Every structure is written in structure tokens, then in C-alpha cells.
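Under the working numbering, the residue at position 240 of the first sequence is numbered 983, and the numbers go up by one with no gaps.
Ideal Cβ positions, reconstructed from N, Cα and C, are used throughout, including at glycine.
The model shown is predicted, which means the values in this text are computed figures rather than measured ones.
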Amino acid sequence: MAKVRVRFAPSPTGPLHIGGVRTALYNYLFARQHGGDMILRIEDTDQTRFVPGAEDYIIEALTWLGITFDEGVHIGGAYGPYRQSDRKAMYKQYADQLLRDGWAYYAFDKPEALEAKRKEFEQQKKTFQYDCHTRGDMQNSLTLSAEEVQRRLDSGEHYVVRFKFPADLDITVHDLIRGDVTMNSNLLDDKVLFKSDGMPTYHLANIVDDHTMEVSHVIRGEEWLPSAPLHVMLYRAFGWEDTMPQFAHLPLLLKPEGNGKLSKRDGDRLGFPVFPLDWIDPHSGEKSSGYRERGYFPEAVVNMLALLGWNPGTEQELFTMDELIKAFDISRISKNGAKFNVDKAKWFNHQYMQQHSDEEVAAMFQPSLDEHGIVADHDYVVKVCGMMKERINFISEMWDTTSYFFVAPTEYDPAAIKKRWKAGMTGHMRKVIEILDTQPFEYEALHKALLDDYIAANQLNTGQIMNSLRLAVVGKTVGPDMLTLVMMLGKEETKRRVERAISVIGEPDSDNQ
RNA sequence: GCUCCGUUCGUCUAGUUGGCCUAGGACGUAAGAUUUUCAUUCUUAAAAUCGCGGGUUCGAAUCCCGCACGGAGUACCA
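This is the structure in C-alpha cells:
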């Protein structure tokens, strides 16, 4: 078998959609598994849709996710250039070859004429298609005399080159995911291959590039399946059928609710990103949020995406990139579209949060501490992160769940006061301060003095006292083991917080029993 | 409209050659256990008559046919 060479070939028309990211990922996994090459090709044949910054965005997003390339616009390679606009000059000769061999023809029909035809058909409740049935009625090199065609060409009249589908031919595309898909040429239209602006369309450029770049496998979205027969015919027309790449059309990513393909708007409306990175539209200024800025780990995004439409056939769900490369198998890609599930995405992030070392989590948390003006001992921060990371999905949640490790509460949750601060509590809290003052500041000693000697001996309710202490120290009824927290905060800080609670909350009304 | 693709718990899916399927797992949901609280963790539960209707077969989620529904395509866009 020839060397595996795959390409990811996006259009720089905006930010890379998460479905596109998955396509890139599957290509990458396949290439790496087979020791093949991964190519990044930019398909910018439509100059009207070019969006500045999109190409850089694509590269930055894939780099963030750990999807690397062997050749491409950003790194060069032996098969360059890798941007179709930079390859413009080479497409004409291929269009000419098709023209010469009778696989294509010139068409001079003006856009208005085509539009008029469509209207005309519409009135008869039919759809106009430029194909083997209608091309005889149009202005093209099939209907015009050779002299007339030459005259128009010489006079510089605009033209396009269209593919000439043979009549009534069954064309079979072998797809690695779907098996054989057959379509009849009578239903296919004579697609434009070469535009009047001198640029090829996707179809021509794609086939020429895949062939000249020696691409072995085309792994792309399902939206391309309907035009796959044209692509197969192009390989045949060029005489390249023996080296034609294998096709695999990936199922689409669907909206989490309702129907339809996942689209740009869904993300922010439903509270999850549709793009890998934040993106600000250069024209409208409209912002779309990305996974990175939302606090997702690249490993989590990769893992989640890999399992959306593919599964290893085992019950393993957590995969490193290397494990994915080993386990990936095109034949195990599902055929049906997948609805996006935000909760599962969060769960993956939670899993990777646990896998990161306390040190790494602390480093990621540091900017948040800086933002709140906290200057804390590094080892202390690492310890807090280690204790608390299991409670959160995102680093952005760390401050809210750990702030009391760094700053004393300034207010106390009223509901908690009602529930946890019963009559006589100020007396109990003063006793806690006394115990802190008189006992060695060690976990075991405090545990004994508080739980055994004071609470048990006075036949008090353990939870009641400890929860009240928590309210005084934390300000609310959440947190880790109480005495561990006290040990972390230190004797003086704990005392200060308890004293403050006594003075701020005071002795409850007698009816708070 | 036409062409093609698809259809298993709410969601992602296992089930690839028909019988170990009284349809398995994960997320989410609910209940319980653990914990001084919350969270974590653990256990358990509810949850798909395998889109519907026919057929083939001793036996079908798995094969065949029809229908329904969903999706994609139908541009000098990719």
C-alpha cells in the first residue's frame, strides 16, 4: 500500500467550527496510526469569502489541541505551495486537459440567463439543473459552432468550464464508513470546474491537489458525499483512477436540541462553545466563545470529540492522544449524526482536572489569585488546589470554591445562620477560642479537645458545633474537613475569624432554637 | 420537488459474520451509604416493545421489501 497521506483542507471563511476540528482530529489520528503524513491545505478559491485572520486562527486552534502537521501552509513541505490561491497558475492546464479530451466544455451563459432559466423551471414546479438534459439549450461549446466559441474566447468574453457528465452512467463511490454509494449521472449536474475569475472551484482544485500531493485517504464531512461521484469521475477523466484516494465521509455534528446541523449561533445560545478558541468577527465585531477561553483543557476537548461519532468497542472512555492513535479505527466510526452533549463535555473536563498535578492546577489558578490581589505562599496554593480540584470542572470555578482559604468572610449566609447558629452559640465559640489557645495546635490534639473533651463530654451535637464553626470560618456551609481547614488557616487566623463571627452575628434571638 | 445518507434509553453509544440481548456501558436524573457540612467517592434504581408495517427463518436490533421521520446536497460557496 502506498504511504498514507491525509490532508485537512479548511476554507479560511471564519473560525474553525468544532465539527471541522473533529475532522482534523480524525485525519490526524489516522495519519499518526499509519506512520503517514498530515497536511494542512488552505482552500481559498473563493476570494469573496476570504476572512482575514481565519487561517491563523485555524493553525492556532489545532496547535492548542495538539494536532500537528508534517506539511502545510505554515511549515512548508515538498508538495507546496499549500494555499490554493498560491497554486492558481497550475489549475488552468488541468481544465484545458479535460476540455481537450471532451470531459468538459466552455459555457458562456450569463448569471442572469441562468437565473431566468431557474425562474422558468420554477413556474412549472421543476428545478433547473445544468445537466445532460438541458445543456443542449444553453450557450456553450456543445451548442455553438467552433468558430463562434473561438470568437467569444478571443474577444475576452467571460466563460466557465463545466464538467460533461456522460448520460445514464451509474457511478459508485466506495466509502470506508458507508460502503458503496451509487448515483446515476442523469441526476447529476454539470458542475462548474473553472470560474470566470480564473480560479478553479473546490471540485477541480481539490482533485488536482489531492492527486499532485499524493493524498491516499480523503476523510471529510458528510456534506461532501453528494459530490463524491463527481470527484470519482474527475479522477477517471484525468486518468488517475488507479491512484484515487479512499474516501471516508464523517457523520455530522447536530444541535443538542431540536433539529439540524450544529451552527454558529447555537453555541452561545445554549451555553457551550462551537469553536475551539474565542473569535471576534472582523466585520461585525460579534464575538463567539471558544473552548480554550471557557476553561476547557485541550486534552478534554480532544477526548470528547474523538468519542463523538467514534468508539473503541471497549468500555474505555478516557484516552490520551497516544492511546487514541493506537485505538482509532475508521470502520468503527458511526454512520449517524451525533447530538452535542454539554454535560458530557464538562464531565471530561472534570476528569482531566483530576489528572493534572496539584502543581499544574495551582499554576493555572495563579492568574485568578493575582486578579483578586492575593499574595499567597506557593506551597499553600498547591495544597489548596490539591484538596479542592475534585470539586470543580473548570479552573474558573476555583476562586469561588476556595476564596475563604485566602480571605476571611465578610458576611455570613443568613440561611446558614438560621440553621447553624442556635442559642448559646457565642458561648460555644468562645470555648473554641479557648481550646485553640490552650491546646497544642495539632490536628489530633484539637480533635480530642473539641470532639471528645468538649462536645462529647457536654453531650452536645457534634455537627451543630462543627457546622457553626464552619459558618464562622467560611461564611457558609461548604468546605473540606473542618479541622484540616483550621490547620491550614493557622491558629491566629482561625481565632480572628471566630471572634469576628461572634461580634458580627452575635447571640441569636431566643426563638432561634 | 429530486438525489443520497441515516433511524437502539433524554444524550453519546455497545450490539459488525442472525441464537450467550430477560438489549450492555457512559453522561445526566433519582434514591441510599460514607462524611461534622458541601462536594467527592461508592451502591442501587428508573430509563430504549431496537422508527413503523410486512416478510425470510426453528429463531431478527441484526437479512429483505415498503412506509414514516430526520439530515445533507441540489451556487461561477466550500
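Alpha carbon to alpha carbon, how far is Ala767 from Arg775? Give it in angstroms, no decimals.
Taking the Cα positions, Arg775 is about 12 Å away from Ala767.
What residue does the beta strand (DSSP E) around Gln882 start on, and which one ends it?
That residue, Gln882, is in no beta strand (DSSP E); it is neither H nor E in DSSP.
With burial defined as no fewer than 16 other Cβ atoms inside 10 Å of the residue's Cβ, what is the status of His876: buried or exposed?
Per the 10 Å Cβ criterion, exposed.
May I have the straight-line CA-CA distance separating Gly941 from Asp787, to the nearest angstrom?
Near 13 Å, if we compare the C-alpha coordinates of Asp787 and Gly941.
For Ile1117, which of Phe1148, Ile1138 and Ser1139 has the nearest alpha-carbon?
Distance check between Ile1117 and each of Phe1148, Ile1138 and Ser1139 places Phe1148 closest, using alpha-carbon atoms only.
Between the C-alpha atoms of Glu965 and Arg921, what's the straight-line distance to the nearest angstrom?
If you take the alpha carbons of Glu965 and Arg921, they lie about 10 Å apart.
In chain order, which alpha helix (DSSP H) runs of at least 4 residues are fully inside the stretch 873-927?
DSSP runs (the alpha helix (DSSP H)) wholly in the stretch 873-927: 889-897.
What are the partner residues of His1171, as DSSP defines its beta bridges?
None; His1171 has no bridge partner.
Taking the alpha-carbon positions, what's the Asp839 to Gly845 distance?
Across the structure, Asp839 and Gly845 are spaced so that their CA atoms are roughly 10 Å apart.
Got a sec? Which residues, its chain only, sit under 7 Å from Ile818 by beta carbon, not counting five neighbours each side?
Excluding residues within five positions, the ones whose Cβ falls inside 7 Å are Phe812.
Gly1129 bridges to which residues according to DSSP?
DSSP, once it has assigned bridges, lists no residue as partnering Gly1129.
Roughly how many angstroms lie between the CA atoms of Ser1074 and Pro994, to the nearest whole one?
About 13 Å.
Would you mind working out which of Phe937, Arg1239 and Ile1076 sits nearest Gln836, comparing C-alpha positions?
Distances from the CA of Gln836 to each of Phe937, Arg1239 and Ile1076 were compared; the closest alpha carbon is that of Phe937.
Local Cβ density within 10 Å of Glu855, reported as buried at 16 or more and exposed below that
Exposed, because fewer than 16 other Cβ atoms sit within 10 Å of the Cβ of Glu855.
Going by the beta-carbon positions, is the gap between Gly1052 and Ala1070 smaller than 8 Å?
Pairing Gly1052 with Ala1070 gives a Cβ-Cβ distance that is not under 8 Å.
Where the alpha helix (DSSP H) through Leu842 begins and ends:
That run of the alpha helix (DSSP H) goes Lys831 to Arg843.
Assign Gln1256 to one of three DSSP states: helix, strand, or coil.
Model confidence at Gln1256 stands at a pLDDT of 49, short of 50, so the residue's coordinates are unreliable; what they give is reported in the following sentence. In the structure shown, Gln1256 sits in coil (DSSP, three-state: anything other than H, G, I, E or B).
When the distance is taken between beta carbons, is Thr1237 closer than 8 Å to Val1221?
Their beta carbons are not under 8 Å apart, which means Val1221 does not touch Thr1237 by this criterion.
Tell me where the beta strand (DSSP E) around Asp780 begins and ends.
From DSSP, the beta strand (DSSP E) with Asp780 extends over Asp780 to Leu783.
Gly820 versus Gly1038, Glu957, Gly1033 and Leu1050, residue with shortest Cα-Cα distance
Answer by Cα proximity: Glu957.
Can at least three beta-carbon pairs, one atom from the stretch 1202-1219 and one from the stretch 1156-1172, be found at a separation below 8 Å?
Taking 8 Å as the limit for Cβ pairs, the verdict is that the stretch 1156-1172 does touch the stretch 1202-1219.
Going by DSSP, what residues sit across from Lys1030 in a beta bridge?
Under DSSP, Lys1030 takes part in a beta bridge, and its partners are Ile1023.
Which term fits Asp1086, buried or exposed, when burial requires 16 or more other beta carbons within 10 angstroms of its beta carbon?
The Cβ neighbour count for Asp1086, taken over all protein chains shown within 10 Å, is under 16; the residue is labelled exposed.
Classify Phe827 as buried or exposed, calling it buried when 16 or more other Cβ atoms lie within 10 Å of its own Cβ.
It is worth fixing the name first, because residue 827 is Gln in this sequence and not Phe. Gln827 counts as buried, since no fewer than 16 other beta carbons sit within 10 angstroms of its beta carbon.
Trp807, DSSP secondary structure in three states
Note: Trp807 maps to helix in three-state DSSP.
Looking at the unbroken alpha helix (DSSP H) that takes in Leu1228, where does it start and where does it end?
Note, Leu1228: alpha helix (DSSP H), Met1225 to Leu1232.
Just the C-alpha distance for Pro1157 and Thr1169, rounded to the nearest angstrom, thanks.
Within the model, the alpha-carbon separation for Pro1157 versus Thr1169 is close to 16 Å.
Tell me whether the beta-carbon of His946 lies closer than 8 Å to the beta-carbon of Leu968.
Result no, Cβ atoms of His946 and Leu968 do not sit closer than 8 Å.
Identify, in the order they occur along the chain, each residue of the same chain with its Cβ nearer than 8 Å to the Cβ of Phe773, setting aside the five sequence neighbours on each side.
Excluding the 5 residues flanking it on each side, Phe773 has same chain C-beta neighbours closer than 8 Å at Val747, Val749, Gly779, His960, Ile962, Phe1071 and Ile1073, in chain order.
Anyone know if the C-beta pair for Tyr902 and Phe851 falls short of 8 Å?
Taking 8 Å as the Cβ cut-off, Tyr902 and Phe851 qualify as a contacting pair.
Let me know the secondary structure DSSP gives His960 once reduced to three states.
The answer is strand: DSSP assigns His960 an E or B state.
Output yes or no for whether 8 Å exceeds the beta carbon distance between Leu1050 and Glu803.
No, the pair does not count as a contact, with Cβ atoms beyond the cut-off.
Nearest to Ser1139 (by Cα), restricted to the options Ala1159, Tyr834, Met1172 and Asn1092:
Closest option to Ser1139, Cα to Cα, is Asn1092.
Where does Leu857 fall in DSSP's three states?
Reduced to three states, the DSSP call for Leu857 is helix.
When you compare the CB positions of Ser928 and Asp952, do they come within less than 8 Å of one another, or not?
No, the pair does not count as a contact, with Cβ atoms beyond the cut-off.
Got a sec? Which residues, its chain only, sit under 8 Å from Gln1256 by beta carbon, not counting five neighbours each side?
Residue placement at Gln1256 is poorly supported in this model, since its pLDDT is 49, which falls under 50; the coordinates still yield a value, given next. Only Lys1165 and Ala1166 meet the Cβ criterion.
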